[in-house]
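Asker: Before I ask anything, let me first share the structure, which is written out below as structure tokens.
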Amino acid sequence: MTPHSKSNRRPSIDDGAPGRSGDSIAEILRRRRKDAELTLQELAERCNLASSTLSKIENGQMSPTYETIIRVADGLDIDVTELFSGKPSHPVGGRRTVTRAGQGVVRSTAQYTYEMLAADLTGKQFIPLLTTIDARSLTSFPDLVRHVGEEFFYVLSGSVTLHTEHYAPTTFQAGDSCYFDSTMGHALVSTGDEAARILWICSRVIAPLEA
């Protein structure tokens, strides 16, 4: 989808973010890997991913999950915002940035549609995301997601159910919130008539993700 297309198709994580970057995740990943002078196999080993997975992402044959993007950013030793926005990372003095309504960097996976806020600020200690929960059941996930860090979400609209490996499924309505350990397997699904929308805040991942 072009940056200003009026198509109703939801932007894919391999699309350029509307109004921000014309580069897809595939293009950004390929460029950053070549800049680092790494082969697919070398980067795959750094990310603890299969080289075939990276190849499919680079060729637009697979939409990477948010967790995979973080893993790739770690392997490339760049800020995760670079893979969302395509812009080089530069330290920002004063630690202030403003994101106007609807002006975040939008990407999507099979389960979630993310709008990354404060995308131009690198080295953040946490990552704020406005997220639409597109998944309607656990069958949308190959497995429960787990990675280093902690997470907090606040339900803005709709109804969402949190599935984890240690607790019974818990349903949240608008105004409810939850804080949890990201190393615990987890997945969020919408359980209302419309896809739920949440403010999702993830701590900055500083260690390799688990498979």
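Using UniProt numbering, read the sequence shown as starting at 1 and increasing by one per residue.
Glycine included, each C-beta is placed from N, C-alpha and C at the ideal position.
Kindly list the residues whose CB is nearer than 7 Å to the CB of D79, restricted to its own chain and excluding five residues on each side of it in sequence; keep chain order.
Answerer: A73, S89, T122, G123
Asker: If you drop the 5 nearest sequence neighbours on each side, which residues of the same chain put their C-beta closer than 6 Å to that of Y114?
Answerer: R107, L129, T131
Asker: Figure out for me which residue from A110, A119, Y112, T68 has the closest Cα to the Cα of T97.
Answerer: Ranking A110, A119, Y112, T68 by CA distance to the CA of T97 puts A119 first.
Asker: Could you please give the first and the last residue of the uninterrupted beta strand (DSSP E) stretch that includes E67?
Answerer: First-last for E67: 66 to 76, but that is the alpha helix (DSSP H), not the beta strand (DSSP E).
Asker: Quick one: Cα of A196 to Cα of S190, how far?
Answerer: 5 Å
Asker: For a test of the three-state rule: what should DSSP assign to S182, helix, strand or coil?
Answerer: Coil, per DSSP.
Asker: Quick one: give me the first and last residue of the beta strand (DSSP E) that E150 is part of.
Answerer: 150 to 157
Asker: Would a C-beta distance cut-off of 8 Å place F152 and L162 closer than the cut-off?
Answerer: The answer is no: Cβ separation not under 8 Å.
Asker: Check this for me: beta carbons of G149 and S182, under 8 Å apart or not?
Answerer: yes
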